[in-house]
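Structure first, commentary second.
Residue numbers (the numbering used here): 572 to 960.
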């Protein structure tokens with residue numbers, strides 16, 4: 572099978588990398604100032620950092636929210652909902668919610684068929700040691716597989732959207748149905764202040780126009796039980812009618828990646844992953860193999876740039892990491908074979924799809940213009956500070 576890096580010309584721009592982080596012109600629209608500093612860095616220093624407080628100001632702000640959550644949750648079994656994947660952000664959030672804030676969360680996990688052994692261990696370690704309740708929603712595998720295959724056959728970069736969609740939709744649908752007013756998420760600036768560009772396979776997972784168009788063209792079975800939640804459903808209906816609020820505590824307290832890993836390991840025997848998002852075997856395959864080798868994009872550049880900007884990683888160390896694959900060649904080939912088998916494809920069939928003509932989200936129906944308008948409004952009123960493009 573031919574699974575080497577494809578000779579893909581990402582764009583026609585002369586190559587340039589930011590002199591401050593490691594974002595580069597594989598983002599075709601990236602801009603740099605006269606010193607070679609990219610727009611992501613400028614956005615961080617000019618927009619995010621001045622409004623991001625993790626000292627006593629941040630703690631004061633979040634504690635007011637926590638007290639309201641507690642008050643609104645009086646007399647209920649649980650006062651908030653937290654989605655847990657077994658990854659660092661959600662695991663540390665659960666620890667803070669119970670031990671620091673004294674909340675009574677219900678933990679919510681979605682089993683989409685791709686949990687790694689480490690993620691399963693980590694979830695149960697957190698749940699058992701903190702004595703919390705866990706609700707697990709198991710996705711219909713035939714429907715999950717059909718949508719994932721549809722995305723792979725469509726040749727777009729965003730083949731992890733079906734998994735992102737089901738994680739997100741299940742959580743929000745459950746919150747609305749069961750009258751949870753507060754969802755706590757592990758989203759944060761500390762490790763995610765640089766968002767991957769759309770062209771790196773990071774298009775919106777809640778654009779149902781896009782998802783339905785791809786499934787209509789390449790899917791084989793109806794998605795009768797598959798959880799979905801359109802962006803307008805959770806932004807408007809669930810917020811205004813159901814009163815669901817999203818809270819991001821990690822943006823208001825100190826959150827240092829290596830310190831959080833050590834704490835979780837020491838307290839709960841929590842096991843770290845080789846890299847961000849590796850709690851899902853499909854996401855690990857997508858980010859470590861499919862995206863860089865088929866399309867020429869390495870999401871680690873955004874992940875490490877976030878850590879560089881928040882002073883958690885040395886730029887030279889980041890350059891060294893991206894100079895080689897995150898996983899060794901034998902492991903990557905084994906993951907390719909595992910994914911093929913899991914999706915009921917032969918290795919030859921998945922190889923043929925890997926070598927197919929690349930496309931992107933603009934080759935299918937979508938509502939990007941409308942979503943972009945909403946994003947600009949959110950940025951204007953200060954509810955969104957990251958760069959989306």
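For every residue, glycine included, the Cβ atom is placed at its ideal position computed from N, Cα and C.
Locate the beta strand (DSSP E) running through residue i, then write down its first and last residues.
i: residue 753; result: 753 to 755
i: residue 816; result: 816 to 818
Between which two residues does the alpha helix (DSSP H) containing residue i stretch?
i: residue 909; result: 900 to 913
i: residue 695; result: 688 to 701
i: residue 629; result: 627 to 643
i: residue 581; result: No alpha helix (DSSP H) holds residue 581; DSSP gives it neither H nor E.
i: residue 651; result: Run containing residue 651: none in the alpha helix (DSSP H); it sits in the beta strand (DSSP E), 651 to 654.
i: residue 712; result: 712 to 725
i: residue 787; result: 779 to 789
i: residue 875; result: 871 to 880
i: residue 897; result: Unbroken run through residue 897: none, as it is neither H nor E.
i: residue 833; result: 828 to 839
i: residue 666; result: 659 to 666
With H, G and I counted as helix, E and B as strand and the rest as coil, what does DSSP make of residue i?
i: residue 588; result: strand
i: residue 855; result: helix
i: residue 706; result: strand
i: residue 679; result: strand
i: residue 737; result: helix
i: residue 765; result: coil
i: residue 760; result: coil
i: residue 916; result: coil
i: residue 794; result: coil
i: residue 674; result: coil
i: residue 892; result: helix
i: residue 612; result: helix
i: residue 595; result: strand
i: residue 603; result: strand
i: residue 771; result: helix
i: residue 618; result: helix
i: residue 845; result: coil
i: residue 728; result: coil
i: residue 933; result: helix
i: residue 809; result: helix
i: residue 743; result: helix
i: residue 861; result: helix
When you compare the CB of residue i with every CB in chain B, is at least one pair closer than 7 Å?
i: residue 904; result: Structure shown: chain B not included; a single protein chain is present.
Using CA coordinates, which residue listed in the options is at the minimum distance from residue i?
i: residue 862; options: 891, 777 and 768; result: 768
i: residue 743; options: 929, 678 and 685; result: 678
i: residue 599; options: 610, 591, 605 and 808; result: 610
i: residue 794; options: 830, 775, 864 and 715; result: 715
i: residue 1015; options: 798, 652, 800 and 720; result: The chain is shown from 572 up to 960; residue 1015 falls before or after that span and cannot be answered.
i: residue 684; options: 913, 923 and 925; result: 913
i: residue 918; options: 904, 929, 931 and 898; result: 904
i: residue 792; options: 738, 762, 713 and 853; result: 713
i: residue 934; options: 925, 583, 770 and 666; result: 770
i: residue 703; options: 853, 670, 927 and 605; result: 670
i: residue 734; options: 631, 686, 761 and 938; result: 686
i: residue 654; options: 847, 751, 902 and 909; result: 751
i: residue 639; options: 625, 648 and 672; result: 672
i: residue 873; options: 763, 938, 895 and 812; result: 763
Give a yes or no on whether the C-beta atoms belonging to residue i and residue j are separated by under 7 Å.
i: residue 675; j: residue 643; result: no
i: residue 597; j: residue 581; result: yes
i: residue 718; j: residue 786; result: yes
i: residue 936; j: residue 777; result: no
i: residue 707; j: residue 682; result: yes
i: residue 660; j: residue 790; result: no
i: residue 690; j: residue 646; result: no
i: residue 843; j: residue 832; result: yes
i: residue 839; j: residue 694; result: no
i: residue 816; j: residue 772; result: no
i: residue 869; j: residue 893; result: yes
i: residue 929; j: residue 613; result: no
i: residue 942; j: residue 775; result: yes
i: residue 880; j: residue 663; result: no
i: residue 809; j: residue 911; result: no
i: residue 897; j: residue 859; result: yes
i: residue 799; j: residue 851; result: no
i: residue 590; j: residue 607; result: yes
Report the CB separation of residue i from residue j in whole angstroms; it is logged as a contact under 8 Å.
i: residue 629; j: residue 824; result: 6 Å
i: residue 866; j: residue 906; result: Between residue 906 and residue 866 the Cβ distance is about 17 Å, and since that is not below 8 Å, they are no contact.
i: residue 821; j: residue 759; result: 4 Å
i: residue 884; j: residue 878; result: 4 Å
i: residue 711; j: residue 797; result: 7 Å
i: residue 588; j: residue 765; result: Rounded, the Cβ-Cβ distance is 14 Å, inconsistent with contact.
i: residue 730; j: residue 722; result: 5 Å
i: residue 701; j: residue 665; result: 7 Å
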